[in-house]
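K.L.:
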Amino acid sequence: MFFHIVLERNMQLHPRHFGPHLRDKLVSKLIKDVEGTCSGRHGFVVAITGVEDIGKGLIREGTGYVTFPVKYQCVVFRPFKGEILEAVVTMVNKMGFFAEAGPVQIFVSNHLIPDDMEFQSGDVPNYTTSDGSVKIQKESEVRLKIIGTRVDATEIFCIGTIKDDFLGVISDPGAAV
Amino acid sequence: MSTIPSIEPFNRLVRLAARAFYDDISMKGDNQPKTSRGDNRGMAVVVLDALTRRQWVREEDLAKALKLHSKQLRRILRFFEEEKLVTRDHRKENAKGAKVHNAAAAAAGDGPPGTKEGEEKVKMHTHSYCCLDYAQICDVVRYRIHRMKKKLKDELDSRNTIQHYICPSCNKRYSAFDALQLVSYTDEYFHCENCNGELVAESDKLASEEMGDGDDNVRKRRREKLKDMQQRIEEQLKPLVAQLDRVKNLPPPEFGSLQTWERANVGAFANGDPSAADSSRNSQGQYGTPMPYMGETKVEVEIADGVKEEGAESGKNGSELKVLPPWMIKDGMNLTKEQRGETSKVSKLDEESEAKDDKKQDSKDDQSIQEEYIKAYYEALRKKQEEEEAKMRMQQEGETFVSDSQSERQVGKKYKREDEDEGIEWEEQQPTGNATEQYKLADLNAEAQESGDDEDDLEWEEG
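From first to last, the protein sequence lines stand for chains A and B.
Using the working numbering, read the first sequence as starting at 1 and increasing by one per residue.
Using the working numbering, read the second sequence as starting at 178 and increasing by one per residue.
1) Are the beta-carbon atoms of A/Ile113 and A/Ile146 separated by less than 8 Å?
2) Residues of chain B with CB under 9 Å from A/Ser121, in chain order?
3) State the CB to CB distance for the pair A/Glu155 and A/Val89, rounded to an integer number of angstroms; the pair is presumed to be in contact (CB under 8 Å).
4) Chain B partners of A/Gln137, CB-CB under 8 Å?
5) Which residue's Cα is closest to the Cα of A/Asp123: A/His4, A/Ala153, A/Met91 and A/Asp116?
6) Relative to the alpha-carbon of B/Ile410, which residue among B/Thr264, B/Arg324, B/Gly219 and B/Val223 has its alpha-carbon at the smallest distance?
7) On the three-pair Cβ rule with 8 Å, is the segment 129-137 of chain A touching the segment 361-379 of chain B?
8) Answer yes or no: do B/Val424 and B/Phe187 have a C-beta to C-beta separation smaller than 8 Å?
9) Since A/Met117 is in the beta strand (DSSP E), which residue starts that stretch and which ends it?
10) Rounded C-beta distance between B/Trp233 and B/Tyr342? I'm assuming under 8 Å.
11) Where in the segment 36-61 of chain A do unbroken runs of the beta strand (DSSP E), each at least 3 residues long, occur, reported from the N-terminal end onward?
12) Could you please give the first and the last residue of the uninterrupted beta strand (DSSP E) stretch that includes B/Tyr362?
13) Does B/Tyr550 come out as helix, strand or coil in the three-state DSSP assignment?
14) Determine the contact status of A/Lys25 and A/Leu7, defining contact as a CB-CB distance below 8 Å.
15) Cutting at 6 Å between CB atoms, please list the residues of its own chain near B/Asp266, excluding the five before and the five after it.
16) Using only alpha-carbon positions, find the residue among B/Ser352, B/Ile322 and B/Thr338 that is nearest to B/Val418.
17) List, in order along the chain, the chain B residues whose C-beta lies closer than 7 Å to that of A/Arg150?
18) Against B/Ile343, what residues of chain A qualify as contacts under a CB-to-CB distance less than 9 Å, listed in chain order?
19) Pull up the distance between the alpha-carbon of B/Asp238 and that of B/Tyr550, whole angstroms please.
20) Exposed or buried, which one is B/Ala194 when buried takes at least 16 other CB atoms within 10 Å?
21) Given that a residue counts as buried once 16 or more other Cβ atoms are within 10 Å of its Cβ, and exposed if not, what is B/Tyr311?
22) Ordered along the chain, which non-local residues of its own chain (more than five positions away) have a Cβ less than 7 Å from that of B/Val360?
23) Please list the terminal residues of the continuous beta strand (DSSP E) segment that includes B/Asp266.
24) Rounding to the nearest angstrom, what Cα-Cα distance links A/Lys56 and A/Gly19 in this structure?
25) Here's the rule: buried if 16 or more other CB atoms are within 10 angstroms of the residue's CB, otherwise exposed. What is B/Arg268?
26) Would you give the residue range spanned by the alpha helix (DSSP H) that A/Ile106 belongs to?
27) Could you name the residues of chain A that B/Ala378 contacts, counting a contact when the two beta carbons are closer than 9 Å?
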């Protein structure tokens, strides 16, 4: 799920940036530092949408670096248990398949794939129904439900299932080609 | 009042649900020791049953009727409120406010509670009222059953469970969360981080060695247990599910909030002949327990369930209804009050129950009475006979009603549907017509009360 929230961060700025463009430098450094990171609490920071407030800088003794407390608005993405996501399959093997929904990696193990889909090894490993009408392979788009998340300080990993109503392949690259 | 005929299936639903889900709920403070004496399991069922026989009821009165401590009852009601079966309302009120409720209860067929003297002394007290929320009950029960079944099914399908993997050589266990680290790019399997052995999914092991012992056997037994449980659920909830299906397309009875309900019923009370309320008070007041709508619906309860309900209250209901089957009362309706009195001279208990039943029957059969009146009135007009003659005729008809007025009944009914206004207008004229005194009085009571009820219900529902 996506959230638009305000976060705060202490930015350290090298003295060489002090000058008329200090503020711009600070913001560009913030974007570079923060976007794409993941915190266990808030999820992935997708984008910074604005800077709310830059506090008074504090010069660190000895180094000359200055610490600015910065409040910024950002869009974060955090997967939840029970959430339905659309994801792109990245890898298929006998144990199941991996998929990505933006920055999040999701693993769907083979017992959470409908029973009528069987693993076919070969050049392009895939899961196929007995009549061949549905095929999950690399680059397939699937709709899945998250049944478990492992949230570390800097990483979120999810377990998904497609063994439920309305889940499964939503577009088949094999059919399109 | 149009909800009354359809209330019975819902009451049956409530009673079934109560027995299915709230049978062994023990309402106990955590600090109280569990002794056999204080075992009040089943109390919840009794309370729900009692509520099916009432509309909005003050909790104190309910407690009194059930011979429960009000604290105990409140705990049960709070539980049901959390379960979304019951709506409650609290308000500060003085004796006057309480009287309004009594009046409303009386008009709705409730007897006024017998705590009158006590209430007048009380100044401002918070009173709690409770009522079954039928619409919500249907949803709650259906949801509950759905959740039960889904949970079991999910467990059986091992759906939504995190797969575990085990390394056969070093017995190290992994979960699906570790999948990313375990992926091997050389083959299709997961590999152990320690020994690089191929990992085996735990459930696969179960499937292959179904006859094995130890951990697997436990799982297998658990599976069997789940299946067994699933079957038993199907079996035991069958009547409840059937009742749910039956009720599905019926409009659930709606009493509205406490205030709308009170206003609706008080309105009826005000419109009605004051003697109507008095008579109801006399007939029921002594018991001090409000008992709305246990007329003909009650009969079905006794037959269908055969459940012995609490105390003297229900015992009385049962007996009185057995003594007076509806068809008997119907005949009696056209007779004078003395004749009705004759049938109810057996005992004081019976007399009271009879009066109550008559009132119910009055309201039920009042349409046929009205038809009869209208017909009589019409004929009187058409033939331009004198009022004396009309009266005579009416009496004759009263006697021969069952046999010879069957065919004309339809005409009367039709007429009544078309012009309900005229029916009421005619009622107002009635005092000039010299009908028998007792006749008029008895029927007017029922008539005015009922029609008033209807109007007010409509008004408030629309508003």
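Each residue gets a CB set at the ideal place from its N, CA and C atoms; glycine is no exception.
On a predicted model such as this, the values are computed, not experimentally measured, just so you know.
P.N.:
A quick look at the data gives this:
1) no
2) Glu365
3) Not really, about 20 Å apart at Cβ, beyond 8 Å.
4) Per Cβ cutoff of 8 Å: no residues; A/Gln137 is ~14 Å from chain B at best.
5) A/Met91
6) B/Arg324
7) no
8) yes
9) Met117 to Gln120
10) That belief does not hold up - the Cβ atoms of B/Trp233 and B/Tyr342 are roughly 60 Å apart, past 8 Å.
11) 43-54
12) Note, B/Tyr362: premise wrong, no beta strand (DSSP E); not H, not E.
13) helix
14) no
15) Tyr306 and Leu435
16) B/Ile322
17) Phe354
18) Chain A residues near B/Ile343: none, gap ~13 Å exceeds 9 Å.
19) 40 Å
20) buried
21) buried
22) Phe367
23) Val263 to Glu270
24) 15 Å
25) exposed
26) That residue, A/Ile106, is in no alpha helix (DSSP H); its beta strand (DSSP E) goes Val104 to Ser109.
27) Met95, Ser109, Asn110 and His111
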